[in-house]
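Numbering (the UniProt record's numbering), first residue to last: 1 to 898. Glycine included, every Cβ here is placed at the ideal spot set by N, Cα and C.
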């Protein structure tokens, strides 16, 4: 059993001395694949961790937003086909339903386990991760990789002894593998580790002790991040760095909530419904990698932005604006399922049906509708028959005026005869009870009571209330009175309770009727959210002159006259720049400052015919050449570009601009460019900014290193890596070396090299040989113009134009002058920089005339050089005598300095 225990989790072979036959041994070594999945969920975010018994690796999908119908988790389940699924008892019911539906319809032998929430708790889970023994994990090696290498195969196995590390070192070491800021993913991994421990104990109970179930002994050989094939992998740090989202403190000092600042989400958030806003936010966090889905969205915007549809689009937006926050159909259905019935829920469904019918009529009138699939799908989702049926049933059953007045669900009069009869009796009960009270008063002896009332209490019944006159009156049973009350109980009954029960029965029947249309109504709500997002993107695209991008399946990023969608809102004039990446040989021709790709050879470089690699000295600017008859042909088959330039010249803006355009294209939005061709990007990594916190045991530079490590480990040939001044957090020489080594490592991958845009101030990278002059790296800089104004003061003009050539001038001294640093300080800085470049010594601090000490030292040196050492050793073999001669004859009378 001990062998079997390790066989399951470590894949160890049985001892060669075993009595089993070779066939049995081979059969035992063939291990059936078993996948265990742990899902951690909170609100609309999920994280997933999986363990595969064939690879013995834990793979983690970090915290990612999911839709209310859990399309993402369904896709994951279909891709992984797990044998066991572990969820928390506190997981949303809709998530559990999605997993159960997968098990019932796809993999019937899978098992769902619901664990206590403490199994997913952050602190214990983090502790379990730090106890993992990942000594054989694969880390980067600078060896060349083959063109067919995967991101993981580009890393050669190196041994790292984690057992000798303390807890802090382990956390720093593992931060390159898993982001400990994502609490859901940490909880999912922690639950998975705990599950593996329990599996280990169950398989060998007679041999297991507490020491044998340690986390360190689990045969986990790797910890990796992974993604779903149909969505782009991008973490929250990258989204914040690029400006996709920007949380700001609320202006009101009494509000603890944050508000959205200047961000791409804020720019695009022209949605009218709450569900549409949530859908847009989810798409920005999770851009699509499905060409068909993206093109359908772009085609839909093309219809909505058509000049013939201006009035129809305005009518659709006006109709959506009436809804306010919109209809949260999922919340309504979940509430109705558990018996929570409010008139607001039914009012919400009525709004949905009215809105769906209005949108259906408007969409049907759109021009050029025939070939646009997404618009047709939205139109089909609006089932008018269902709208009429559900709306009429609700409106006939519910009295919304009375419900709003009484703040509870009221069934309309005329809907149910029994209920109407009960209400009529209840409304006339006052007069009936008054008559009975008067009759009882007449039959009561005088002087017993001044007033007699007959009252009704729900759930108690009918009672006689007597106002006693004589304080010494003793309670005397009156059988006739009591019998009359029993008669009322039997004849009239508990009317209020009966009315409430009947209303509850009717409301329940109505809710069940509505729930029978759950699928149709949910599709309508999803279609309204989709339409709301499309209308918002259409409006922004039209207002900002965005253009429709072309989505390609080949690895290419070509942007003509691209703009930063946020930066252009903050300046009067924005300078556009081009971007071009493609992993095939293409020729760029420049004629009269117009740049076009006019020839595609369609062949990748081979060993027999490899284009001459471009060096910075061979690169010709596509923007600075003059002369109308001049043509420049430049090979643009590089995957990496390194940009230098002065501070404030626009390097970071350009870098973020490319990232934002890629994200906008892959959510199905028009982009801020004259034209754009975007090949699908599967992962986007950034090293732009970091969030420092006292809770992190890492410096800013260490966080930067973790971000770059994560990119190098997980980037593929379709990924985009953006590095802004990486390496600036340490010594310049060390930072330049790490920056150059990182870029060199990525470009050595060949076809598996991701698209890399890096900015730097390390202008000596090429002069020092840190980056090979023949490396397939495009070198560019942001052009600046320096001069002097009318008053003689220096003027530094940032042209914000990208030029494909190397610039060794950082512009630091001009920037210093423009920012009012005294001219003498700047001049001194220039002198010291020049001396450092020429390896010379500063002579300003030396005296004009030599000092007495210098003259004495010169005299000693002169006597020493004139001394015939060979003659002295020939005539005298006593070393002490020679030393004495040196002291007496050469340095006599001279002050000897230490």
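- In this structure residue 834 is exposed. Its beta-carbon is surrounded by fewer than 16 other beta-carbon atoms within 10 angstroms.
- The criterion of a C-beta distance shorter than 8 Å is satisfied by residue 296 and residue 374.
- Taken through DSSP and simplified to helix, strand or coil, residue 760 comes out as coil.
- Across the structure, residue 231 and residue 422 are spaced so that their CA atoms are roughly 58 Å apart.
- In this model, residue 298 and residue 671 are separated by some 11 Å (Cα to Cα).
- Residues of the same chain with a CB within less than 8 Å of the CB of residue 715, apart from the 5 flanking positions on each side, are 151, 683, 685, 721, 746, 754 in chain order.
- Collapsing the DSSP output to three states places residue 182 in coil.
- Counting along the chain, residue 782 sits inside no alpha helix (DSSP H); it lies in the beta strand (DSSP E) bounded by residues 777-788.
- Inter-segment contact for the stretch 66-86 and the stretch 311-318 is absent: fewer than three beta-carbon pairs are separated by less than 8 Å.
- Boundaries of the alpha helix (DSSP H) around residue 744: 732-747.
- Under DSSP, residue 547 forms a beta bridge with 671.
- CA-to-CA, the gap between residue 506 and residue 68 works out to about 29 Å.
- Fewer than three beta-carbon pairs drawn from the stretch 259-270 and the stretch 338-357 are found closer than 8 Å, and the two stretches are therefore not classed as touching.
- Residue state for residue 690 is assigned as coil, using DSSP reduced to three classes.
- Judged by DSSP secondary structure, residue 713 falls within the alpha helix (DSSP H) whose first and last residues are 700-714.
- Beta-bridge partners assigned by DSSP to residue 677: 550, 558.
- In this structure, DSSP gives residue 456 an extended state, which the three-state scheme calls strand.
- Under DSSP, residue 645 forms a beta bridge with 782.
- Assigned with DSSP and collapsed to three states, residue 771 falls in coil, not helix or strand.
- The shortest CA-to-CA distance from residue 361 to any of 349, 748, 380, 553 is the one to 380.
- Here the C-alpha atom of residue 180 lies approximately 15 Å from the C-alpha atom of residue 132.
- In the DSSP assignment, residue 232 falls outside any alpha helix (DSSP H) and carries neither an H nor an E.
- Between the C-alpha atoms of residue 761 and residue 717 there is a straight-line separation of about 27 Å.
- Non-local C-beta neighbours of residue 73 in its own chain, meaning closer than 7 Å and more than five positions away in sequence, comprise 39, 46, 66, 95, 98, ordered along the chain.
- Partner residues in the beta bridge of residue 86, as assigned by DSSP, are 38, 113.
- Distance from the CA atom of residue 62 to the CA atom of residue 756, rounded to whole angstroms, is 23 Å.
- By a beta-carbon distance limit of 8 Å, residue 129 contacts residue 178. Their separation comes to about 7 Å.
- In this structure, DSSP gives residue 461 an extended state, which the three-state scheme calls strand.
- With the rule of 3 Cβ pairs closer than 8 Å, the stretch 771-786 does not count as touching the stretch 655-662.
- Under DSSP, the beta-bridge partners assigned to residue 50 are 37, 59.
- In the DSSP annotation of this structure, the continuous segment of the beta strand (DSSP E) that includes residue 579 starts and ends at 577-582.
- The distance from the Cβ of residue 654 to that of residue 577 is about 6 Å, consistent with a contact at the 8 Å cut-off.
- Ranked by how close their Cα comes to the Cα of residue 579, the residues 658, 501, 884, 652 have 658 in first place.
- If the five residues before and after residue 864 are omitted, its C-beta is found closer than 6 Å to the C-beta atoms of 890, all from its own chain and listed in chain order.
- When the alpha-carbon of residue 376 is set against those of 322, 417, 301, the nearest one is in 301.
- In chain order, 186, 187, 190 place their CB closer than 6 Å to the CB of residue 125, counting only its own chain and leaving out the 5 sequence neighbours on each side.
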